[in-house]
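Structure first, commentary second.
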Amino acid sequence: MEVLATSPSLSCRFTFRPAISQVQPWKSLRVRILESRLQGFSLHIRTNAVNRHRSCSNFEGAFKHKLLLRHVCRLNKSFFSQLGWFTMKYTSSLQKQSNCSNRIKQHVSTLFVQLVVAALLVTSASVAVSKSPSWALSEENLLFLEAWRTIDRAYVDKSFNGQSWFRYRENAMRNEPMNTREETYTAIRKMLATLDDPFTRFLEPEKFKSLRSGTQGALTGVGLSIGYPTGSDGSVSGLIVVSASPGGPAYRAGISSGDIILAIDDTNTERMGIYDAAERLQGPEGSSVELTIRSGPKTKHLALTREKVSLNPVQSRLCEFPGSGKNLPKIGYIKLTTFNQNASGAVRKAVDTLKSNSVNAFVLDLRDNSGGLFPEGIEIAKIWLDKGVIVYICDSLGVRDIYDTDGSSAIAASEPLAVLVNKGTASASEILAGALKDNKRAVLFGEPTYGKGKIQSVFQLSDGSGLAVTVARYETPAHTNIDKVGVIPDHPLPVSFPKDEDSFCHCLQDSASACHINGVQLFSR
């Protein structure tokens with residue numbers, strides 16, 4: 001730390017008056033005042049002279065400074081030449097006094113600095129001795145500081161929602177009670193709430209463990225992915241269903257993407273966070289949960305039984321068209337439901353299997369896929385692209401990182417590809433869809449996607465709890481920020497277009513059905 005100190009400039013004022021016991025008036029000249037002043041180390045002489053005729057021979061007293069008087073009497077030139085001699089004579093005396101004054105000030109300044117330094121050392125030592133017990137950090141304080149430090153290093157917004165993050169830490173350490181683990185958890189949640197970011201949240205040890213198990217392929221609950229309504233008119237309250245896992249309890253009960261959850265076990269969801277809601281939806285296998293759902297104009301009450309939902313990320317199907325001949329189109333349909341740690345491997349296996357059956361085009365269905373692990377989205381994009389940017393990772397200063405591919409991981413880079421999306425397509429699904437669209441690798445069908453353009457990372461704390469932290473936002477290869485906007489498809493799908501693989505093939509094969517899309521139209525821009 002650099003300290004700048006300023007002090008007022010010193011000014012010295014000396015007045016020299018030659019002592020005169022008695023002076024006989026002159027007939028030719030009268031000297032009223034001779035005054036010499038030194039101010040700011042400059043000599044100023046003021047004189048006032050009034051013409052009076054006096055004679056040097058009529059002195060009736062003795063001048064104490066005889067040398068000066070003798071020279072004054074001898075000069076018969078102008079008074080100003082007499083004054084010049086006086087100035088020269090006294091300048092030497094004044095210079096000596098000035099030098100002496102400077103030496104005194106230097107010694108005083110040095111002594112003063114030494115005294116100040118000694119006083120500061122003594123004071124700091126005494127403060128350290130007296131204050132150290134009161135600043136001793138408890139285990140709870142250390143856990144809070146661990147969470148604070150994680151946000152400080154990883155959070156995307158370095159303005160921390162327009163607040164001083166260091167000042168918040170100091171205030172919280174002084175004012176927030178942290179005597180028990182629950183009080184510390186409350187202090188951490190309160191700290192995260194100041195960021196006004198629903199995706200940055202605290203996870204207690206059990207929730208953290210549950211989140212990890214979900215990304216590893218299994219979860220006990222009702223099979224729902226939920227989010228916040230994206231409408232800006234404020235007409236929608238509650239939580240929106242992003243997707244329902246095929247075959248899960250919610251899916252079998254008829255809950256679908258776009259439905260609104262109004263209440264969970266009679267608790268209104270209007271002000272409920274999505275992670276609080278997710279915790280309420282999960283629970284022991286065999287237990288029940290009651291949901292109030294609004295689907296279109298209808299409101300229904302459902303009682304669902306929780307079960308272990310297997311998150312198998314991929315279903316695939318070969319769709320053949322009736323007719324004869326070797327050149328009939330064969331379309332490989334792949335439905336990707338989540339981006340867990342098995343996703344990229346499962347997609348690669350499905351592509352290999354379909355290619356072994358001589359498919360000549362692919363349909364990748366990302367509808368109701370609410371995302372998951374970011375790296376899995378990158379790896380799946382590499383399957384379809386021979387080269388190009390996949391996504392730009394950005395922070396508050398701009399582009400921070402670029403994920404691209406050189407084609408070394410591609411196994412299906414040339415076959416025609418259509419991608420199906422809807423408002424349940426979110427997060428990592430949007431990264432994949434945006435990469436395929438902007439690189440002109442695929443044609444997108446459906447409706448605008450959910451619009452989650454932020455990336456979270458999960459950090460484990462020392463006691464087994466964790467933090468999910470927004471670490472970046474992303475842009476598509478065309479530098480489109482999709483947050484709260486979504487990826488816009490190239491073409492709509494028929495309203496009645498099905499979501500399961502068997503019905504999908506039927507819509508392609510039956511030209512009379514309301515959902516029919518012919519093969520040429522499906523892959524045309």
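Count the sequence shown with UniProt numbering and you get residues 1 to 525, in order. Where a beta carbon is used, it is the ideal one built from N, C-alpha and C, also for glycine. Keep in mind that this is a model prediction, so the values were computed, not measured.
For SER344, the enclosing alpha helix (DSSP H) has its first and last residue at 343–356.
Annotation for GLU140: no beta strand (DSSP E) segment contains it, though the alpha helix (DSSP H) segment containing it runs 139–154. Taking C-alpha positions only, THR267 is separated from THR353 by approximately 47 Å. By the Cβ-count criterion, GLY486 is buried, with 16 or more other Cβ atoms from all chains shown falling within 10 Å of its own Cβ. Collapsing the DSSP output to three states places SER496 in coil.
GLY466 carries a strand assignment under DSSP once its states are collapsed to helix, strand and coil.
A contact is defined here as three or more CB-CB pairs under 8 Å, and the stretch 202–209 fails this definition with respect to the stretch 155–165. In this structure, the CA atom of VAL309 is about 14 Å from the CA atom of SER243. In this structure, LYS454 sits near ARG473, with a CB-CB distance shorter than 7 Å.
GLY345 and ARG169 have their C-alpha atoms roughly 43 Å apart.
Here DSSP, grouped into helix, strand and coil, assigns ASN268 to strand. Closest in C-alpha terms to ILE517, from the list GLY446, THR480, VAL471, ALA303, comes GLY446.
It is roughly 34 Å from the alpha-carbon of ARG189 to the alpha-carbon of ALA433. When the Cα atoms are used, LEU142 and GLN456 turn out to be separated by approximately 24 Å. Taking the C-beta atoms as reference points, ARG367 is found no nearer than 7 Å to ASN312. In the displayed model, CYS319 falls within a strand according to three-state DSSP. Closest by C-alpha distance to ASP406, out of LEU420, LYS300, LEU385, GLN460, is LEU385. Across the structure, THR292 and ASP365 are spaced so that their CA atoms are roughly 29 Å apart. Under the 10 Å beta carbon count, ALA478 is surrounded by fewer than 16 other beta carbons and is classified as exposed. Here ASN357 is actually not in contact with GLU415; their C-beta atoms are around 13 Å apart, not less than 8 Å.
Here SER427 is buried. Its C-beta has 16 or more other C-beta atoms within 10 Å. Beta-bridge pairing by DSSP links VAL359 to no other residue. A direct Cα-Cα distance of roughly 17 Å separates ASP196 from ASP395. Using a 10 angstroms sphere on the CB of SER503, the tally of other CB atoms stays under 16, which defines it as exposed. Setting aside the 5 residues that flank it on each side, VAL399 is surrounded in the same chain by TYR392, each with a C-beta closer than 6 Å to its C-beta; the list follows chain order.
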